[in-house]
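Number of protein chains: 2
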Amino acid sequence: MSEVYIGIDLGGTFIKVGCFDSQLKLLARASTPTEAEKDAKVVIENMAKAAEQSVAEAGFSMADVPAVGLASPGPAKYSEGIIEAATNFPTFRNIPIRKMLSDRLGGKTIVFENDANVACFGEFTAGAGKDVDDMVFFTLGTGIGGGIINKGKLLAGVGDNAAELGHIIIYPDGRLCNCGQRGCVEASASATNTAKRAAEAVEKGQPSSLKKVLDEKGEITCKDVYDHLKAGDKLARQITDETAKALALVCINMLHTTEPKRIVFAGGMIAAGEILLSRIKDYFNEHIWNLKKETVDICFATLGEDAGIIGAAALAKQAVE
Amino acid sequence: MSEVYIGIDLGGTFIKVGCFDSQLKLLARASTPTEAEKDAKVVIENMAKAAEQSVAEAGFSMADVPAVGLASPGPAKYSEGIIEAATNFPTFRNIPIRKMLSDRLGGKTIVFENDANVACFGEFTAGAGKDVDDMVFFTLGTGIGGGIINKGKLLAGVGDNAAELGHIIIYPDGRLCNCGQRGCVEASASATNTAKRAAEAVEKGQPSSLKKVLDEKGEITCKDVYDHLKAGDKLARQITDETAKALALVCINMLHTTEPKRIVFAGGMIAAGEILLSRIKDYFNEHIWNLKKETVDICFATLGEDAGIIGAAALAKQAVE
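Top to bottom, those sequences are chains A and B.
The working numbering applies: residue 13 is where the first sequence begins, and numbers increase by one.
The working numbering applies: residue 13 is where the second sequence begins, and numbers increase by one.
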């Protein structure tokens, strides 16, 4: 008898769903607008319909689904299954999302987890970490999300908020972060803040081919920084180096904390490719201790945007086993 | 039928041993010089004799001992039971210490762990962390050692070197640490480096009542700093504040990493008392994010120097259960 697992990635704009076989091979996918501005019931109905659609497309019925994985952005009380309040879901107030989705799907087991943790678990199960047991994961986007795998399991923390790795402070009294702290790695090295630092430098008059971009578009994106880096712009190189150094420092700190075998970077910024990865490794080697030789691998994620649906399905499968 | 557990704390100068009942109540203790400069066989014989002595004094025989816990300073291959080379044991080269001690004690199960991890487990089992499941531990001495308890277990890492928390970098390109890195929390905030920073400031001409100490003794100890702080010396206050801030920053970083319920400081420096603890809490509250209210407890250890023997016995007991 075959069974299939559903992974749901609940984003602020889109809901993405995958239906996977028991080997976590993707059989079908579905996607629908979240309609986060509407009532929670609408959002849950959208998730349920997309889930049902993906299962039908894969040639199965909901009776073949032992469990569903659901990834959502934090903060949330994941172990209680409740979103109290979340930036991306303005109408959500103390929504028992796990129970509501389970009820809508006829009492299915729902595994509810933080989206960065879920993407981490996806890479661990089927991507850049599939051959190791201990891994640290960073996703470089608007912010920096994190996940920690210890002996094959996600590290949860006492209140489900472990691995908020973007808020590790590396420059005390440094740049102000959206979280209210100063000097978080996120405040320097997220995709958004990498671009922002470039714009600030241009505005301060540092010479750069990025000035034309800022003048014409009114903003600089992270992709602009890497495009101009590849074209030889000096400021783009400096901005990239600062990002790489910040990420290397946080790699060193994680090595001394949970001691992973592999550190995986994901998110839009890794499109920069080897030019970024090699600089992270350079700074790591320059700043790491010499008490013993370290052999941690630093690499990029391989699953792209599917890490969320794969990770959610993998967590559903793990919960049943 | 009763059984007893032995905890051995192998230091560079002294071996300390405790014999504990199954509730981890201390029944008898023994202590002997390590004789680390001699052959490993001598050190092992010293440990074994002290263990046998403590058991006899408690009124039991070695047949009543299901397992022995052994704590030693790192680096070592703990899961393999081998000390390759260690600063405090100059003659040790690839010593299979776990097997040698087990053989000497008639094949007993020996649990071998890093001394900071063992002290952490001691405080977790019977001290400042006995009512929580998730804890982070720092010992403030010559260096800064660390331990992490996650869901009731020591977090080990892929190569038994997790929780080297003293080497978390908080001031990139800052003070040089003995480990070769710059800006480790240990380089600012260990007992030794707290005292050293005071001496450096006095030597640079900062006015302080500590100048007399330096002139008369040729050095300043951490105790001197706190004594002069209590007497109202301004430099001693500045040095203490810098130590407290560094420790608070590393507390914030650990909160965002493994998210403990409690953070426990141990080691000689905590003799400073409330005047240090309250400053750590002040800096923590000043620098922590405002995304949500944090309720982690920051406190001092309660077991003193017995944390090692208690932790080692507790690990032995856990291994048998």
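Glycine is no exception: its CB is placed at the ideal position from the N, C-alpha and C atoms.
The residue among B:His240, B:Arg274 and B:Leu177 with its C-alpha nearest the C-alpha of B:Ala258 is B:Leu177. Closest in C-alpha terms to A:Ala278, from the list A:Leu261, A:Phe296 and A:Ile310, comes A:Ile310.
Close to chain A, meaning a Cβ-Cβ distance shorter than 7 Å, are the following residues of the stretch 259 to 271 of chain B: Leu261, Ile264, Asn265, His268, Thr269, Thr270 and Glu271. The C-beta separation of B:Gly323 from B:Val130 comes to about 4 Å, placing the pair in contact by the 8 Å criterion. If you look at B:Asp33, you'll find it isn't in any alpha helix (DSSP H); it sits in the beta strand (DSSP E) that goes Phe26 to Asp33.
When Cβ-Cβ separations below 7 Å define contact, B:Ile180 makes contact with chain A. For A:Glu198, no Cβ of chain B is located within less than 7 Å of the residue's own Cβ.
B:Cys191 belongs to the set of residues whose beta carbon lies under 7 Å from a beta carbon in chain A.
A straight line joining the alpha-carbon of A:Asn173 with that of B:His268 spans about 7 Å. By the Cβ test, the stretch 216 to 233 of chain B is not in contact with the stretch 184 to 198 of chain B, since fewer than three Cβ pairs between them sit closer than 8 Å.
For A:Ile107, no beta strand (DSSP E) encloses it, and the DSSP letter there is neither H nor E. A:Thr137 and B:Trp301 have their alpha carbons spaced roughly 32 Å apart.
The DSSP-derived three-state label of B:Asp309 is strand. Chain-order list of chain B residues neighbouring A:Asn173: Leu267, His268, Glu271 and Lys304, by C-beta distance under 9 Å. In its chain, beyond the 5 residues on either side, Val16, Cys31, Leu39 and Ala40 have a beta carbon closer than 7 Å to the beta carbon of A:Ala70. For B:Val237, not one C-beta of chain A is nearer than 7 Å to its own C-beta. Here A:Pro85 is buried, its C-beta having at least 16 other C-beta atoms within 10 Å. Taking a Cβ-Cβ cut-off of 8 Å, the neighbours of A:Leu177 in chain B comprise His268 and Thr269, given in sequence order.
B:Ala60 sits away from B:Gly320, with the two beta carbons spaced by 7 Å or more. What A:Tyr183 touches in chain B, judged by beta-carbon distance under 8 Å, is Pro184, going in chain order. Taking A:Cys234 as the centre and dropping the five residues before and after it, the same chain places the C-beta of Ala203, Thr206, Ala207 and Met281 closer than 6 Å to its C-beta, in chain order.
Under the DSSP assignment, B:Val80 falls in the beta strand (DSSP E) whose first and last residues are Ala79 to Ser84.
Taking 8 Å as the Cβ-Cβ cut-off, the stretch 71 to 89 of chain B approaches chain A at Pro87, given in chain order.
Here the C-alpha atom of B:Cys263 lies approximately 7 Å from the C-alpha atom of B:Ile275. Scanning B:Ser34, B:Phe149 and B:Pro184 for the CA closest to the CA of B:Leu327 turns up B:Ser34.
Under DSSP, A:Pro45 shares a beta bridge with A:Phe26. Under the three-pair Cβ rule at 8 Å, the stretch 90 to 97 of chain A counts as touching the stretch 106 to 118 of chain A. Annotation: B:Asp143 to A:Val170 spans about 13 Å, alpha carbon to alpha carbon. Three or more Cβ pairs closer than 8 Å define a contact, and the stretch 241 to 258 of chain A meets that threshold against the stretch 292 to 301 of chain A.
Check the Cα spacing between B:Leu36 and each of B:Ile56, B:Gly139 and B:Asp146: the tightest is with B:Gly139. Distance from the CA of A:Leu315 to the CA of A:Glu135, rounded to the nearest whole angstrom, comes to 7 Å.
With 16 or more neighbouring CB atoms inside 10 Å of its own CB, B:Ser200 falls in the buried class. In summary, the residues of the stretch 283 to 304 of chain A whose CB is separated from some CB of chain B by less than 9 Å are His299, Ile300, Trp301, Asn302, Leu303 and Lys304, in the order they occur in the chain.
Ranking A:Ser14, A:Lys165, A:Thr307 and A:Pro102 by CA distance to the CA of A:Gly23 puts A:Pro102 first.
Apart from the 5 residues on each side of it in sequence, A:Phe26 sits with its Cβ closer than 8 Å to the Cβ of Ser43, Thr44, Pro45 and Thr46 in its chain, given in chain order. Taking a beta-carbon distance threshold of 7 Å, B:Val55 does not count as an interface residue toward chain A.
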